[in-house]
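Undergrad:
2 protein chains.
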Amino acid sequence: MAQQVRVQNFTVSADGYGAGEGQSLERPFGAADPGELMAWALATASMPGMGRLDSSRGLDDRLVRDFGNGIGAEIMGAHKFSPHRGPWTDLEWQGWWGEDPPFHVPVFVMTHHERPSFTLSDTTFHFVSGEPAQVLEQALSAAGGGDVRLGGGAQSIRAFLDADLVDQLHVAVAPVELGAGSRLWTSPAELDDRFHHEEVPSATSGVVHHLLWRR
Amino acid sequence: MAQQVRVQNFTVSADGYGAGEGQSLERPFGAADPGELMAWALATASMPGMGRLDSSRGLDDRLVRDFGNGIGAEIMGAHKFSPHRGPWTDLEWQGWWGEDPPFHVPVFVMTHHERPSFTLSDTTFHFVSGEPAQVLEQALSAAGGGDVRLGGGAQSIRAFLDADLVDQLHVAVAPVELGAGSRLWTSPAELDDRFHHEEVPSATSGVVHHLLWRR
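As they're listed, the protein sequences go chains H and F.
To convert a position in the first sequence, counted from 1, into this note's numbering, add 22.
To convert a position in the second sequence, counted from 1, into this note's numbering, add 22.
(1) Which residues in chain F have a C-beta closer than 8 Å to the C-beta of Arg171(H)? List them in chain order.
(2) Determine the extent of the alpha helix (DSSP H) in which Ser35(F) is found, giving its start and end residues.
(3) According to DSSP, is Val198(F) helix, strand or coil?
(4) Pick helix, strand or coil for Pro210(H), following the three-state DSSP scheme.
(5) Quick one: give me the first and last residue of the alpha helix (DSSP H) that Asp76(H) is part of.
(6) Hey, quick one: how far does the beta strand (DSSP E) through Gly99(H) stretch, first residue to last?
(7) In the DSSP assignment, what are the bridge partners of Ala273(H)?
(8) Using 8 Å as the cut-off, can you tell me whether the region 130-148 of chain F makes contact with the region 195-210 of chain F, which would need three or more C-beta pairs spanning the two stretches below that distance?
(9) Which residue wins for smallest C-alpha separation from Val34(F), given the options Arg180(F), Pro154(F), Asp186(F)?
(10) Within 10 angstroms of the Cβ of Gln156(H), are there 16 or more other Cβ atoms? Answer buried if so, exposed if not.
(11) Excluding the five sequence neighbours on either side, which residues of its own chain have a C-beta within less than 8 Å of the C-beta of Val29(F), listed in chain order?
(12) Closer than 8 Å, CB to CB, is Trp235(F) near chain H or not?
(13) Helix, strand or coil for Pro223(H) per DSSP?
(14) At a CB-CB cut-off below 9 Å, which residues of chain F make contact with Asn31(H)?
(15) Alpha carbon to alpha carbon, what distance is there between Pro56(F) and Gly94(F)?
(16) What residue range is occupied by the uninterrupted alpha helix (DSSP H) comprising Phe182(H)?
(17) Is Val222(F) close to chain H? Criterion is C-beta to C-beta, closer than 8 Å.
(18) Does DSSP classify Phe83(F) as helix, strand or coil?
(19) Whose Cβ in chain F lies nearer than 8 Å to the Cβ of His218(H)?
(20) By how many angstroms is the C-alpha of Asp214(H) removed from the C-alpha of Gly38(F)?
(21) Given a cut-off of 8 Å on the beta-carbon distance, is the pair Thr111(H) and Phe125(H) in contact?
(22) Relative to the C-alpha of Pro197(F), which residue among Pro123(F), Pro128(F), Leu158(F), Ala54(F) is closest?
(23) Since Val157(F) is in the alpha helix (DSSP H), which residue starts that stretch and which ends it?
(24) Could you tell me the distance, in whole angstroms, from the CA atom of Asp88(H) to the CA atom of Gly92(F)?
(25) From what residue to what residue does the alpha helix (DSSP H) around Trp235(F) run?
(26) Could you tell me if Glu220(F) is buried or exposed, where buried requires 16 or more neighbouring beta carbons within 10 angstroms of its beta carbon?
(27) Using a C-beta to C-beta distance shorter than 7 Å, which residues of chain F count as neighbours of Thr226(H)?
(28) How long is the line joining the alpha carbons of Pro138(F) and Phe51(H), rounded to whole angstroms?
(29) Taking beta-carbon pairs under 9 Å, can you tell me which members of the region 184-211 of chain H lie near chain F?
(30) Measure how close the beta-carbons of Phe147(F) and Gly108(F) come, nearest whole angstrom, since I'm counting them as under 8 Å.
(31) Tell me, please, whether the CB atom of Leu85(F) is closer than 8 Å to any CB atom in chain H?
(32) Is Asp37(H) close to chain F, meaning its C-beta is less than 8 Å from at least one C-beta of that chain?
(33) Which value, in whole angstroms, describes the spacing of the CA atoms of Glu199(H) and Leu59(H)?
(34) What's the call for Thr66(H), buried or exposed, on a 16-neighbour Cβ count within 10 Å?
(35) Is it true that the CB of Val195(F) sits closer than 8 Å to the CB of Val222(F)?
(36) Could you give the C-beta distance for Glu96(H) and Val150(H), rounded to a whole number, given that I count them as a contact under 8 Å?
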C-alpha cells in the first residue's frame, strides 16, 4: 500500500487552536494548559509514561495507541521542538522529551536555521529547511516504507494542508476555548471538499474525535 | 506494561453469534455469510488484501488496523483453523489463509488432537491441548513481551472469559440476525460486572463497536 501522510492524536480547542499565545520554556503550549487540552489522552493506558491501573482502554485509548502504528518518520514544526526563535544559540537543548523521546523513528524538524542531527535513544532528530514537499520527500525516504506522521504544531500541519500533502487526519477537539494562539482551523468543515469526515464523540472524555481522509 | 490478553475485531451478529451452524470447507462461517457479517471490516483500507482507493479510513479502519498492534501471539480455537472434527487425518490442510496468513506471529491452535507445528511465511502454527490457562501461558511466553490476541471463534473466547483470563475486548456487532450457531453472548451487558464498557456506533458501516476492558 502507498505510504500515507498522517496527522495522529493532534488536539485542538473547540475554537481550533493547537496552542495558546506566548510559548516559553516553562509553557510549551503558551497560554493553553496542556493538562486540560490533552486530558483525554493522559487518561489512557497507552499514553507513554501513563498506564495507571484505572486508565481507560476504550475509544480514546485505541486512538492513542495508533500513534506509532505503521509510522516510519515524523515531521514537526520548529515550535514543537523548542520555544526558541531564530538561529540556534543553545545546542544543548534537545527537545522537551528527556532521554527517551516517544517517537522511535527519524524526526525532521522544519527550521530555516541549520543545526547538526543528534540521536537520543532510538530517535534521531534532523533539522531541515525547504518547502513542505521537499521536507516530505526526505521523510518518506527515511520511513523505510512506513507512513509519515505530521506531528504539529497547527502551523506546520496547516502548511501541509495548504500544499495538499495530507492523506489522513485524526484531530481531537477538546471542550475548552482558547480564543487565540496557533490555529488549525475555524471549523473542520473547511476540509470537507477535500476529505471524507467522520465525527466520533468519546463519552468517557468529552472530546470529539474527527477522522478525515482524502477523497 | 504488563502483557494484555485481547480480543480484536471479533464480529458477532446482533443476537451474539460469531458463526452460523453447519461449518464446512466451503462455508467456514456455516450458515452465516461472512461477507455480510464482516462487511464493515472488508470496506476498510487496512483489511489485508483490500485497500481499494474508495476504502474507508475512518473509525472502522482505525479498529481494523489495531489488529496486530502490539500483538506477539494468537490463540485460536480448532474451528477457526479448520472445519475438521476429531483426530487430524489430512495434514495437508494448513488453514484458510493461503501461503501468507495475516497473523505474522506464533499461532496456538487449541485442539485435543496432536499435530506437528508448521510454518507458512512468518506465521508458525502450534497445536496445543489443555486448559485455557495452560495454553495462555505458552502464548504469553512466545509473544516476546507483546500482547496475546484471542482470535476466536466464539466458543474459545467464551472459554477464556469463563476462566476470567481476558483483559480487553473489541467486538463489532453487525446489523444481522443469525438465530443459531456459535454464540459469544446473549448481550454484552452480561460482562458489565467485570468490564468497563463503551459502545461506539459507526455511522459509515452500521456496526456498533463494543470496547470492554477489565475493571
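Cβ atoms here follow ideal geometry from the backbone N, Cα and C, with glycine treated the same way.
Everything numeric in this text was worked out from a predicted model, so none of it was measured.
TA: If we stick to the structure as given:
(1) Those within 8 Å of Arg171(H) in chain F number zero; the least Cβ separation is about 14 Å.
(2) It is not in any alpha helix (DSSP H) - Ser35(F) instead sits in the beta strand (DSSP E) that spans 27-35.
(3) Judged by DSSP in its simplified three-state form, Val198(F) adopts coil rather than helix or strand.
(4) Reduced to three states, the DSSP call for Pro210(H) is helix.
(5) In the DSSP annotation of this structure, Asp76(H) is not part of any alpha helix (DSSP H), being labelled neither H nor E.
(6) Annotation for Gly99(H): the continuous beta strand (DSSP E) segment containing it runs 93-99.
(7) Nothing about residue 273(H) can be read from this structure; chain H reaches only from 23 to 237.
(8) By the criterion of at least three beta-carbon pairs nearer than 8 Å, the region 130-148 of chain F is not in contact with the region 195-210 of chain F.
(9) Here the closest residue by C-alpha is Arg180(F).
(10) Exposed, since its Cβ has fewer than 16 Cβ neighbours within 10 Å.
(11) Taken in chain order, the residues that qualify are Arg171, Leu172, Gly174, Ile179, Val188, Gln190, Leu191, His192, Val193.
(12) With 8 Å as the cut-off, Trp235(F) counts as an interface residue toward chain H.
(13) The answer is strand: DSSP assigns Pro223(H) an E or B state.
(14) Simply none; closest approach about 11 Å.
(15) Computed Cα separation, rounded: 26 Å.
(16) Annotation: the continuous alpha helix (DSSP H) that includes Phe182(H) extends over 176-184.
(17) Proximity of Val222(F) to chain H, defined by a Cβ-Cβ separation below 8 Å, is satisfied.
(18) First, the amino acid is wrong: residue 83(F) is Asp here, not Phe. Asp83(F) carries a helical assignment under DSSP once its states are collapsed to helix, strand and coil.
(19) Listed along chain F, the residues sitting closer than 8 Å to His218(H) by beta-carbon distance are Ser78, Arg79, Gly80.
(20) Their Cα atoms are separated by approximately 36 Å.
(21) No.
(22) Ala54(F) is the residue among Pro123(F), Pro128(F), Leu158(F), Ala54(F) whose C-alpha sits nearest the C-alpha of Pro197(F).
(23) Looking at the DSSP string, the run of the alpha helix (DSSP H) that includes Val157(F) is 154-164.
(24) Each residue's Cα considered, the two are about 10 Å apart.
(25) Premise fails: Trp235(F) lies in the beta strand (DSSP E), 230-236, not in any alpha helix (DSSP H).
(26) Buried.
(27) Neighbours of Thr226(H) on chain F, chain order: Glu220.
(28) Taking the CA atoms as reference points, Pro138(F) sits about 58 Å from Phe51(H).
(29) Cβ contacts with chain F: Asp189, Gln190, His192.
(30) Between Gly108(F) and Phe147(F) the Cβ distance is about 18 Å, and since that is not below 8 Å, they are no contact.
(31) Closer than 8 Å to some Cβ of chain H, the Cβ of Leu85(F) qualifies, so yes.
(32) Asp37(H) has a beta carbon lying at 8 Å or more from every beta carbon in chain F.
(33) Taking the straight line from one Cα to the other gives about 10 Å.
(34) Answer is buried; the Cβ neighbour count reaches 16.
(35) Note that the C-beta distance between Val222(F) and Val195(F) is not below 8 Å.
(36) Contact between Glu96(H) and Val150(H) fails: their C-beta atoms lie close to 12 Å from each other, not under 8 Å.
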